[in-house]
Each structure stands twice: as C-alpha cells, then as structure tokens.
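In my numbering, the protein residues as written are 1 to 213.
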C-alpha cells in the first residue's frame, strides 16, 4: 500500500467515525480558547474544562484577567499542573493583548507565538479552531498516530507536522486534526498498543481492519 493509498483510506475511515468532531476544550471566544489551550499543556482536556468555568467567571477577557493577581490565577488553575508558569503567562499575555492588540487575540501565527506561554502548537490550535485558518498542530496523539500508520518517522513533532502537511490535502486539516485526536484516544492509546508499523490499523464499525503497509 502506497502512502497515497494509506492517506485516502485513513481520511475515508475517520470521516465515517467522526464526521463532525467537536472542539474538546470549552470556550466562548478566541481569548478563552487561547487560555484553555495554554492550560491543556501536560493536562487533559477534561480537567481543563473543570477548571476554566471558575476562571472565566472572574475573567473571560484580558481586561478582567489583568485585574487578577498572578497568585489568584494560580490558585484557580493549580489542578491543571505547571500553575506557577501558566499563571504568569496568562497574566502577562493578557497585558500584551491589551498593549499590542487592543485586547483582541491576533489572527496571525507569528504574533500569537510572540505571546508568553504560546508555542507553535498552541497558536496553531487557535488558528484553526478560532479563525478557521488551515494549520496542522501536532500533539502527542497525532505524533503517535502518524508514526504508527507509517506516515512519519517519529523523530520530532516538527517532522511529523511537515509530513502531515505534505501528505494530507490542506482542505482536510482543520477537521482531520480533531479526527485523529479522537481516534487516538478511543482506539490507539499511548500504552499497551503495539508499535509495529508493518500494518495500517483502523477500527471501523467495531472491527479492526489491517492493511499491508
């Protein structure tokens, strides 16, 4: 099976499994999405969704967020982990949004990545989910699946992103990013799953389908 055939097969089966995948992180707008994605670093989406309602009740925009102290923010987001750094970044990026962007989240990848605590993956997620701009953010799930499907060598997330953008049509990226995440969580967890790349494996309609690589 060629990589082109694998890609067509994967797109077809993921569309059957997840025709309309929801955004996993609860949010109200671009700003609250940015904060939620920042909080999701080394934390589950489910835990972030438990924490953000309390935070957003106090501050769901940068003007209100800067009124909180870093200590107040940290006390709320502590269950998400890495709270000392995340709280400082949330406070400072809120200040910068006011100073540089009139309180709005910029729709430019470069400007977003210039904000503290906002790396390439975080910025890419906001670009596709808030602004509908094609990007291919690679998290651990996507990195794992493209390696297991034999579509990337697994050496780095940067390489995985380059391979994904090269192999999959740009018009599929926004939905595909979520489809792969949902598939990985449901059918191909990080532990207890064979790393054998001799087969492309997809679970569809309750059955495992394996095609020669």
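Virtual Cβ for every residue (Gly too), placed ideally from N, Cα, C.
- prompt: Could you give the C-beta distance for residue 31 and residue 118, rounded to a whole number, given that I count them as a contact under 8 Å?
  reply: Between residue 118 and residue 31 the Cβ distance is about 12 Å, and since that is not below 8 Å, they are no contact.
field: residue 173 (DSSP reduced to helix, strand or coil)
entry: helix
task: Report yes if the CB atom of residue 182 is closer than 7 Å to the CB atom of residue 176, and no otherwise.
output: no
- request: Classify residue 147 as helix, strand or coil using the three-state DSSP reduction.
  value: helix
- request: Determine, using beta carbons only, whether residue 66 and residue 95 come nearer to each other than 7 Å.
  value: yes
- prompt: Could you give the distance in angstroms between the alpha-carbon of residue 58 and the alpha-carbon of residue 73?
  reply: 10 Å
- request: To the nearest angstrom, report how far apart residue 68 and residue 148 are at their CA atoms.
  value: 44 Å
message: On a Cα-Cα basis, can you pick out the residue from 166, 136, 155, 151 that is closest to residue 179?
response: 136
N-terminal and C-terminal residue of the alpha helix (DSSP H) that residue 65 is part of: 62-65
Limits of the alpha helix (DSSP H) - the one that residue 18 falls within: Unbroken run through residue 18: none, as it is neither H nor E.
query: Could you give the distance in angstroms between the alpha-carbon of residue 91 and the alpha-carbon of residue 150?
result: 41 Å
Collapsed DSSP secondary structure at residue 56 in the structure displayed: helix
field: Separation of residue 49 from residue 186, as counted between CA atoms
entry: 19 Å
task: Evaluate residue 121 with the Cβ neighbour count: other Cβ atoms within 10 Å of its Cβ, from every protein chain shown; 16 or more gives buried, anything less gives exposed.
output: buried
Neighbourhood of residue 27 by C-beta distance below 6 Å, restricted to the same chain and skipping five residues each side: 33, 36
- prompt: DSSP three-state call for residue 6: helix, strand or coil?
  reply: helix
task: Mind reading off the beta-carbon distance from residue 173 to residue 142? Whole number of angstroms is fine, and I expect it under 8 Å.
output: Incorrect: roughly 11 Å between the Cβ atoms, too far for contact.
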